[in-house]
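One structure is given below, encoded as structure tokens.
Numbering (this note's numbering), first residue to last: 23 to 502.
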């Protein structure tokens, strides 16, 4: 789980959970403070989808003239946007609420854990209010209940056209839908966020255009189920720039691909029509990067998970994708120790890894989540067996990832600079999403800026990161 604090006047970055008052933060546009301010503390927990919800709440608060501060004791109250996906995330959210109460005393709770109001109030009965996820107006209304509205010059625009963003200036998350129609037995997201609701495609494209105008050069397209975009509205036709556009993943990607930005797809469910996106990657319209959770390889386990696919079918698809787009980078996630998983079925998963040769992989031990249907399945796997399988899984994948990265040594890549630290610049290739994938270390390179792009030659690799040196300056060095 990621913890993010809003720090309006600093250039910072995001990282995983730590004491929320000691977070690295994120590059956001410096905002002119109001003359008479009411200050609100804000903590955002969880995934990028939750981060986008936080950005929307912050945008509305800032529009009304509230100042958002990084310190509990400087704030009139604190808003905590919670995560409740797995038990450890629930505990992290409860701990953060407790810390905010101890430091400030006035706390509004929102987000995924908010659907379990009784559970929150049992631990923290003194929170001011609790709302569920994407309850933007309710959160702002609760702020109004407890704080006076600031007085500010209505002709002074406190918010940029693209809204408040909790990411560095050069990349942003673009959420295209909310909720999910699937009922994976290990997951409780639909009970938290509801069924799929797609945003109008014209609205999505307009937001992308505003972000481009604000200096964003990489869009990370996200949702609970990105490839289902438009299913709920029967792929209805909308309009953008006076032209008809279907509410459909392929047409959305085609239009985004015309905006001269890196377009990166996340949380892609393995529907058959995902195959239609690969030619767009081969043509350079969107990045040849696919974040597609397969979860397992054994057909019986996938059926118990209520997930599609099988090892043979998935391997066949991956081979076809790479024939069309050899540069394709595939990120996926898997679960080991699912109820009933046998040693033979786990070995099938390891065989799949060796055949699939995936670039980036995350793996989790199955953990019962309150409300998940998988809790009712027989034959739970012992914890020590889960841990053993996790370690064996990661050992196999680490070798694969390291070899795939070492194969890049000697090749040239266009990279984007994310930050500069004491050793030099830290960058990413098209195959690296921020926060979750590896980076490219440019040791000794300091005369660059975040968001700048330049060509480099890869000189070293481990199982996660690359090291590179800049290619001699030429006309292709870019800050676009």
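Using N, Cα and C, we set each Cβ at its ideal position, and we do this for glycine too. Being a predicted model, the structure only gives us computed values, none of them experimental.
Please state the DSSP three-state secondary structure of residue i.
| i | result |
| --- | --- |
| residue 348 | coil |
| residue 183 | coil |
| residue 302 | helix |
| residue 281 | helix |
| residue 420 | helix |
| residue 317 | strand |
| residue 444 | coil |
| residue 197 | strand |
| residue 292 | coil |
| residue 53 | In this predicted model, residue 53 has a pLDDT of only 39, less than 50, meaning its place in the structure is not dependable enough to derive any value. |
| residue 68 | strand |
| residue 480 | strand |
| residue 205 | coil |
| residue 233 | helix |
| residue 366 | helix |
| residue 380 | coil |
| residue 434 | strand |
| residue 240 | strand |
| residue 399 | coil |
| residue 371 | helix |
| residue 287 | strand |
Per DSSP, which one or two residues make a beta bridge with residue i?
| i | result |
| --- | --- |
| residue 503 | Only positions 23 to 502 of the chain appear in this structure, which leaves residue 503 out of reach. |
| residue 311 | 351 |
| residue 265 | 262 |
| residue 449 | 439, 462 |
| residue 386 | 357 |
| residue 220 | 199 |
| residue 151 | 130 |
| residue 104 | 133 |
| residue 325 | Paired residue(s): none; residue 325 is not in a bridge. |
| residue 488 | 462, 483 |
| residue 99 | 62 |
Could you round the C-beta distance between residue i and residue j to whole angstroms and report it? I think they count as a contact, below 8 Å.
| i | j | result |
| --- | --- | --- |
| residue 449 | residue 462 | 4 Å |
| residue 213 | residue 251 | No, residue 213 and residue 251 are not in contact; Cβ-Cβ is about 21 Å, not under 8 Å. |
| residue 415 | residue 478 | Rounded, the Cβ-Cβ distance is 32 Å, inconsistent with contact. |
| residue 222 | residue 269 | 7 Å |
| residue 98 | residue 61 | 6 Å |
| residue 411 | residue 368 | 5 Å |
| residue 244 | residue 70 | 5 Å |
| residue 193 | residue 394 | With a Cβ gap of about 32 Å, residue 193 and residue 394 do not count as contacting. |
| residue 311 | residue 247 | Wrong, their Cβ atoms sit about 18 Å apart, outside the cutoff. |
| residue 20 | residue 155 | Past the boundaries of the shown model lies residue 20; the chain is included only from 23 to 502, so the question cannot be answered. |
Check whether the Cβ atoms of residue i and residue j sit closer than 7 Å, and answer yes or no.
| i | j | result |
| --- | --- | --- |
| residue 206 | residue 283 | no |
| residue 211 | residue 81 | no |
| residue 110 | residue 135 | no |
| residue 237 | residue 197 | no |
| residue 381 | residue 352 | yes |
| residue 354 | residue 316 | yes |
| residue 361 | residue 399 | yes |
| residue 391 | residue 108 | yes |
| residue 378 | residue 431 | no |
| residue 372 | residue 403 | no |
| residue 103 | residue 72 | yes |
| residue 78 | residue 158 | yes |
| residue 201 | residue 219 | yes |
| residue 319 | residue 365 | no |
Please report how far the alpha carbon of residue i lies from the alpha carbon of residue j, in whole angstroms.
| i | j | result |
| --- | --- | --- |
| residue 145 | residue 204 | 31 Å |
| residue 308 | residue 470 | 25 Å |
| residue 485 | residue 337 | 22 Å |
| residue 428 | residue 490 | 12 Å |
| residue 84 | residue 302 | 38 Å |
| residue 455 | residue 474 | 16 Å |
| residue 64 | residue 131 | 10 Å |
| residue 68 | residue 447 | 27 Å |
| residue 339 | residue 249 | 16 Å |
| residue 334 | residue 375 | 12 Å |
| residue 278 | residue 230 | 8 Å |
| residue 426 | residue 344 | 14 Å |
| residue 389 | residue 407 | 13 Å |
| residue 433 | residue 493 | 11 Å |
| residue 50 | residue 91 | Only weak support is given to the placement of residue 50: the predicted model assigns it a pLDDT of 30, under 50, and the value that follows is read from those uncertain coordinates. For residue 50 and residue 91, the distance between alpha carbons rounds to 13 Å. |
| residue 119 | residue 298 | 44 Å |
| residue 173 | residue 89 | 12 Å |
| residue 100 | residue 94 | 7 Å |
| residue 168 | residue 149 | 12 Å |
| residue 295 | residue 87 | 45 Å |
| residue 321 | residue 329 | 9 Å |
| residue 124 | residue 163 | 24 Å |
| residue 436 | residue 453 | 11 Å |
| residue 106 | residue 384 | 19 Å |
| residue 488 | residue 465 | 11 Å |
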